[in-house]
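Enquirer: Chains as they are written, first to last, in full-length UniProt numbering: chain A, 1 to 282; chain B, 1 to 282.
Beta carbons: idealized from backbone N, C-alpha and C, even for Gly.
Pasting in a structure now, in C-alpha cells, and then I'll have a few things to ask.
There are 2 protein chains.
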Amino acid sequence: MKIVRTITEMQEQMQKLKSEGKTIGYVPTMGFLHEGHISLMKNARPENDIVVLSIFVNPLQFGPSEDLDAYPRDFDRDHKIAETEGVDFIFYPSAEEMYPGNASVKVSVVERTDVLCGKSRPGHFDGVATVLFKLFNIIQPTRAYFGLKDAQQVAVVDGMIRDFNFPIQLIPVETVREEDGLAKSSRNVYLNHEERIQAVELSKSLKMAKLAIENGERNPDEIVGSMKNHINENTTGTVDYIEIYSYPELERLKTLKGKVIIALAVKFSKARLIDNTILEVE
Amino acid sequence: MKIVRTITEMQEQMQKLKSEGKTIGYVPTMGFLHEGHISLMKNARPENDIVVLSIFVNPLQFGPSEDLDAYPRDFDRDHKIAETEGVDFIFYPSAEEMYPGNASVKVSVVERTDVLCGKSRPGHFDGVATVLFKLFNIIQPTRAYFGLKDAQQVAVVDGMIRDFNFPIQLIPVETVREEDGLAKSSRNVYLNHEERIQAVELSKSLKMAKLAIENGERNPDEIVGSMKNHINENTTGTVDYIEIYSYPELERLKTLKGKVIIALAVKFSKARLIDNTILEVE
Chain A
1 MKIVRTITEM
11 QEQMQKLKSE
21 GKTIGYVPTM
31 GFLHEGHISL
41 MKNARPENDI
51 VVLSIFVNPL
61 QFGPSEDLDA
71 YPRDFDRDHK
81 IAETEGVDFI
91 FYPSAEEMYP
101 GNASVKVSVV
111 ERTDVLCGKS
121 RPGHFDGVAT
131 VLFKLFNIIQ
141 PTRAYFGLKD
151 AQQVAVVDGM
161 IRDFNFPIQL
171 IPVETVREED
181 GLAKSSRNVY
191 LNHEERIQAV
201 ELSKSLKMAK
211 LAIENGERNP
221 DEIVGSMKNH
231 INENTTGTVD
241 YIEIYSYPEL
251 ERLKTLKGKV
261 IIALAVKFSK
271 ARLIDNTILE
281 VE
Chain B
1 MKIVRTITEM
11 QEQMQKLKSE
21 GKTIGYVPTM
31 GFLHEGHISL
41 MKNARPENDI
51 VVLSIFVNPL
61 QFGPSEDLDA
71 YPRDFDRDHK
81 IAETEGVDFI
91 FYPSAEEMYP
101 GNASVKVSVV
111 ERTDVLCGKS
121 RPGHFDGVAT
131 VLFKLFNIIQ
141 PTRAYFGLKD
151 AQQVAVVDGM
161 IRDFNFPIQL
171 IPVETVREED
181 GLAKSSRNVY
191 LNHEERIQAV
201 ELSKSLKMAK
211 LAIENGERNP
221 DEIVGSMKNH
231 INENTTGTVD
241 YIEIYSYPEL
251 ERLKTLKGKV
261 IIALAVKFSK
271 ARLIDNTILE
281 VE
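As C-alpha cells, this is what we get:
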C-alpha cells in the first residue's frame with residue numbers, strides 16, 4: 001500500500017494506471033475509520049483493479065460553530081485498517097496542499113440541501129461538493145463509494161455527477177446495522193444503557209413506515225405523524241426531524257410515488273442519531 | 001473523422017482511448033470556425049494522438065441582451081475545416097443533451113471576471129466555466145487549447161483548472177494576425193475601408209507600450225494614457241477600455257512587475273475590436 005500526500009504524485013499515479021486500462025474504486029473519507037467506511041472498502045475491493053482511500057478532514061464543510069480541530073484523527077489506526085482491507089493507495093493531503101490560496105471559481109449546491117440535516121448546516125454541502133470536485137479530478141475514479149447512512153450526501157453527489165458529467169459511477173452502499181437494527185455510528189457510544197435499548201425504535205419506526213406504505217398508505221403526513229408518535233412514546237429522545245421526500249431530488253411530495261426517502265434525526269441526551277430508508281413506491 | 005452527438009457515446013469513446021494510453025488534444029469552440037480556431041487545431045494535431053473539436057453554442061454564456069439565436073452557425077463548413085485539419089472527433093451535442101434540466105450544483109467565477117470584457121458581461125464567465133466543467137469531464141483531454149485573443153477566458157480557465165485540479169494541461173495559443181499586425185477576427189469584415197487602415201494602430205499601440213516598458217516605464221497609468229492618446233489621434237474609433245493587470249490573476253498593479261497583460265477594446269462604427277499582449281516585466 002502506498003501513501004501519497006501530494007496532488008501531483010497522486011494524479012501521476014492514477015493517470016498511469018488509467019492509461020493501462022485499470023479500474024479505480026474510490027472511498028472518500030475524513031479518516032477515523034469505522035465499520036461504515038470498512039463496508040465501503042469491502043464493496044470497492046472486488047469491483048476494481050485499484051482501491052484508493054482518501055483521508056482529508058475538509059475544513060470547507062465545517063460551519064463556524066463546528067469544531068474542525070476537535071474532529072477525531074488517528075492516522076496509524078486508519079492506516080492499519082486500510083492495509084487489512086486491501087487498499088492500494090491512501091491519499092492523505094494537508095489542508096495547504098488542497099487549498100493553497102484563494103479560489104477564483106466556486107461551486108455551490110443550490111438544490112437538495114435545505115432539507116434534512118442540510119437545513120441546519122448552511123454551506124456544508126458547498127464544502128462537500130467543492131472538495132469532491134477536486135478529489136474526483138485528482139483520483140479520477142471509475143467508481144466512487146458513499147454510504148447511504150448519509151443519504152443526503154449521496155443525493156448531492158448524484159446531482160453533481162449528473163450536472164457536470166463526471167465519468168464516474170456512484171455506488172451507494174447500504175447502511176451497516178447492529179444485530180437489533182440500530183444503524184452503526186461512532187456516536188452510538190454516547191448513548192446510555194437505557195437509550196441504547198430505546199434506540200432500536202428508530203429503525204423500527206422506519207420499518208413500520210415501510211409496512212404502512214406496503215399496505216397502501218400514500219399520505220406522507222400520516223406516516224410522519226405515526227413515526228413521531230412511535231418515537232415519542234417509546235424513547236426518551238426528542239425528534240429533530242422526520243421527513244419524506246422524493247429521492248434523490250429531495251422534493252416534497254403530496255402523495256408518495258416513485259423513489260422516496262424516509263429520514264429521521266432524534267436527539268438523545270448526548271448523541272443525535274440519524275437513520276433513513278429509501279424505497280420504491282408504486 | 002467521427003461526429004458524436006451524445007455525452008454517453010463521447011465518454012465511452014474517450015474512456016476507451018485513454019485506457020489505451022492515448023493522449024487527447026481538445027479544442028472547444030462555438031463553431032463558425034475561423035483562422036483562430038484553425039490555429040488551435042494546428043497546434044493540437046502534432047502534440048496529441050487524438051484531436052477532439054467540440055462545437056456547441058453555449059446558451060449559458062449569452063447575456064439577456066445578447067442574441068443567442070443570431071449567433072452564426074454553419075456545421076457543413078466547420079465539418080470540412082475539421083476534416084482538413086485532421087481532427088479525429090467532432091463533439092456536436094444539442095442544448096437539450098448538455099442541459100437536460102435544472103442543475104442542483106452551480107459553478108461561479110468569483111475572481112478575474114469583473115475587469116476587461118467581463119465587466120460588461122455579468123454571468124458570462126459563469127456560463128463559460130459551467131460548460132467547460134462539463135466538456136472537460138466529457139472529453140477528458142490531456143491538453144486543452146485556447147486562443148490568447150480572449151486572454152481573459154484563458155485566465156478564467158487557468159483558474160478553474162488550478163482550483164479544481166483538472167488533470168489537463170492548458171495550452172494558450174498566440175493570436176493570429178494579419179500581415180500588418182491587426183488581430184484576426186470575424187468582426188474585421190465590419191470595418192469600412194478607412195477603419196481597416198486605422199485598425200492597425202491597435203496592435204501598434206500595444207507594441208509602443210511594450211517598448212515603453214522595455215525602456216523602463218513601470219507606471220501603468222502613464223502607459224494607458226499614451227495608448228489612449230495614440231488611438232484617439234490616429235483612429236476614428238472610441239476607446240472602450242485600455243487596462244493593464246497582472247496575468248493571469250487580473251489584479252490591478254501600481255507598479256508593473258512580473259507577468260502582465262495590456263488589453264484594449266476599441267469601438268468602430270460597426271465593429272468592436274479587442275487585442276492584447278502579455279509580457280514579463282522585470
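Is V128 of chain A helix, strand or coil when you go by DSSP?
Expert: Here residue 128 of chain A refers to the residue found at position 128 when the first sequence is read from its first residue. Reduced to three states, the DSSP call for V128 of chain A is helix.
Enquirer: Taking 8 angstroms as the threshold, find out whether the region 85–94 of chain B comes into contact with the region 115–131 of chain B through three or more Cβ pairs.
Expert: No contact exists between the region 85–94 of chain B and the region 115–131 of chain B.
Enquirer: Among B:E222, B:G118 and B:V224, which has the Cα closest to the Cα of Q61 of chain B?
Expert: By one-based count along the second sequence, residue 61 of chain B stands at place 61. Considering only alpha carbons, the answer is B:G118.
Enquirer: How about L250 of chain B and V260 of chain B: do their beta carbons lie closer than 8 angstroms?
Expert: As a first step, residue 250 of chain B must be located in the second sequence, where it is residue number 250. As a first step, residue 260 of chain B must be located in the second sequence, where it is residue number 260. Not closer than 8 angstroms, so no.
Enquirer: Along chain B, which residues have their Cβ under 9 angstroms away from the Cβ of A129 of chain A?
Expert: Taking the first residue of the first sequence as 1, we reach residue 129 of chain A at position 129. What A129 of chain A touches in chain B: V105.
Enquirer: Assuming V110 of chain B contacts V105 of chain A under a Cβ cut-off of 8 angstroms, what Cβ separation, rounded to an integer in Å, is found between them?
Expert: As a first step, residue 110 of chain B is located in the second sequence; it is residue number 110 there, counting from the start. As a first step, residue 105 of chain A is located in the first sequence; it is residue number 105 there, counting from the start. About 7 angstroms; that satisfies the 8 angstroms criterion.
Enquirer: Less than 8 angstroms separating the beta-carbons of A265 of chain B and Y241 of chain B?
Expert: Here the question's residue 265 of chain B lines up with position 265 in the second sequence. Here the question's residue 241 of chain B lines up with position 241 in the second sequence. In contact: A265 of chain B and Y241 of chain B (Cβ atoms closer than 8 angstroms).
Enquirer: Under the DSSP definition of a beta bridge, which residues are partnered with K2 of chain B?
Expert: Position 2 of the second sequence, counted from the first residue, corresponds to residue 2 of chain B. BP columns for K2 of chain B point to B:F89.
Enquirer: Comparing C-alpha positions only, which one of B:H34, B:E83 and B:Q152 sits nearest to T277 of chain B?
Expert: To locate residue 277 of chain B, count along the second sequence from 1; it is residue 277. When only C-alpha atoms are compared, the closest one is B:Q152.
Enquirer: Where does I197 of chain B land, buried or exposed, given buried means 16+ other C-beta within 10 angstroms?
Expert: Counting from one through the second sequence, the residue named residue 197 of chain B turns up at place 197. By the 10 Å Cβ count, I197 of chain B comes out exposed.
Enquirer: What residue range is occupied by the uninterrupted beta strand (DSSP E) comprising Q169 of chain A?
Expert: Taking the first residue of the first sequence as position 1, residue 169 of chain A is located at position 169. Taken as a continuous stretch (DSSP letters only), the beta strand (DSSP E) holding Q169 of chain A covers Q169 to V173.
Enquirer: Quick one: is T84 of chain A buried, meaning 16 or more other Cβ sit within 10 Å of its Cβ, or exposed?
Expert: Locating residue 84 of chain A in the first sequence gives position 84, where the first residue counts as 1. With fewer than 16 other Cβ atoms within 10 Å, it is exposed.
Enquirer: For A209 of chain B, which option in B:T175, B:T238 and B:I244 has the closest C-alpha, if you only look at C-alpha atoms?
Expert: Taking the second sequence and counting its residues from 1, the one referred to as residue 209 of chain B is at position 209. Looking at the Cα atoms, B:I244 is the closest of the given residues.
Enquirer: Can the beta-carbon of V157 of chain A be found less than 8 angstroms from the beta-carbon of E35 of chain A?
Expert: As a first step, residue 157 of chain A is located in the first sequence; it is residue number 157 there, counting from the start. As a first step, residue 35 of chain A is located in the first sequence; it is residue number 35 there, counting from the start. Cβ atoms of V157 of chain A and E35 of chain A: not closer than 8 angstroms.
Enquirer: Residues of chain A with CB under 7 angstroms from D163 of chain B, in chain order?
Expert: For this step, residue 163 of chain B is matched to residue 163 along the second sequence. The answer, in chain order, is A103, S104 and V105.
Enquirer: Between A:I24, A:T8 and A:M14, which lies nearest to L170 of chain A when the distance is taken from Cα to Cα?
Expert: The residue given as residue 170 of chain A occupies position 170 in the first sequence. It is A:I24 whose Cα lies nearest to the Cα of L170 of chain A.
Enquirer: Residues of chain A with CB under 7 angstroms from M160 of chain B, in chain order?
Expert: Reading the second sequence from its first residue, position 160 is the one you call residue 160 of chain B. Those are V105, listed as they occur along chain A.
Enquirer: Quick one: does R112 of chain B have its CB under 8 angstroms from some CB of chain A?
Expert: Your numbering for residue 112 of chain B matches position 112 in the second sequence. Output row for R112 of chain B: interface = yes.
Enquirer: Can you name the residues of chain A whose CB is closer than 8 angstroms to the CB of G21 of chain B?
Expert: Indexing the second sequence from 1 puts residue 21 of chain B at position 21. By Cβ distance, chain A contributes S19 and E20.
Enquirer: Quick one, which of A:A82, A:D221, A:N219 and A:E179 has its alpha-carbon nearest S203 of chain A's?
Expert: The residue given as residue 203 of chain A occupies position 203 in the first sequence. When each option's Cα is compared against that of S203 of chain A, the closest is A:E179.
Enquirer: So within the region 146–191 of chain A, which uninterrupted beta strand (DSSP E) runs reach at least 3 residues, ignoring any that extend past its ends?
Expert: Those beta strand (DSSP E) runs which fall completely within the region 146–191 of chain A and span 3+ residues are 169–173.
Enquirer: For E280 of chain B, which of helix, strand or coil comes out of DSSP?
Expert: Here residue 280 of chain B refers to the residue found at position 280 when the second sequence is read from its first residue. E280 of chain B: strand per DSSP, three-state reduction.
Enquirer: For P46 of chain A and R143 of chain A, what's the separation of their Cα atoms in angstroms?
Expert: Counted from its first residue, the first sequence places residue 46 of chain A at position 46. Counted from its first residue, the first sequence places residue 143 of chain A at position 143. Taking the straight line joining both Cα atoms gives about 12 angstroms.
Enquirer: Determine the direct distance from the alpha carbon of T255 of chain B to that of M227 of chain B, and round the result to whole angstroms.
Expert: For the purposes of this step, residue 227 of chain B is taken as residue 227 along the second sequence, with counting starting at 1. For the purposes of this step, residue 255 of chain B is taken as residue 255 along the second sequence, with counting starting at 1. So the two alpha carbons sit approximately 17 angstroms from each other.
Enquirer: What is the DSSP secondary structure of D67 of chain B, counted as helix, strand or coil?
Expert: Translated into positions along the second sequence, residue 67 of chain B becomes position 67. Three-state DSSP puts D67 of chain B in coil, outside helix and strand.
Enquirer: Comparing the C-beta of V39 of chain B with each C-beta of chain A, is any distance below 8 angstroms?
Expert: Looking up residue 39 of chain B in the second sequence gives position 39. Sequence check: residue 39 of chain B is Ser here, not Val. Closer than 8 angstroms: no.
Enquirer: May I have the straight-line CA-CA distance separating F146 of chain B from P59 of chain B, to the nearest angstrom?
Expert: If you number the second sequence from 1, residue 146 of chain B lands on position 146. If you number the second sequence from 1, residue 59 of chain B lands on position 59. Distance between the alpha carbons of F146 of chain B and P59 of chain B: 19 angstroms.
Enquirer: Does F75 of chain A pass the burial test, meaning 16 or more other C-beta atoms within 10 Å, or should it be called exposed?
Expert: Your numbering for residue 75 of chain A matches position 75 in the first sequence. That one is exposed.
Enquirer: Starting from T23 of chain A and walking both ways along the alpha helix (DSSP H), at which residues does that stretch end?
Expert: Working through the first sequence from its first residue, we reach residue 23 of chain A at position 23. Per DSSP, T23 of chain A belongs to no alpha helix (DSSP H) and is neither H nor E.
Enquirer: Tell me the rounded alpha-carbon separation between P93 of chain B and R77 of chain B.
Expert: One-based indexing of the second sequence puts residue 93 of chain B at position 93. One-based indexing of the second sequence puts residue 77 of chain B at position 77. Each residue's Cα considered, the two are about 17 angstroms apart.
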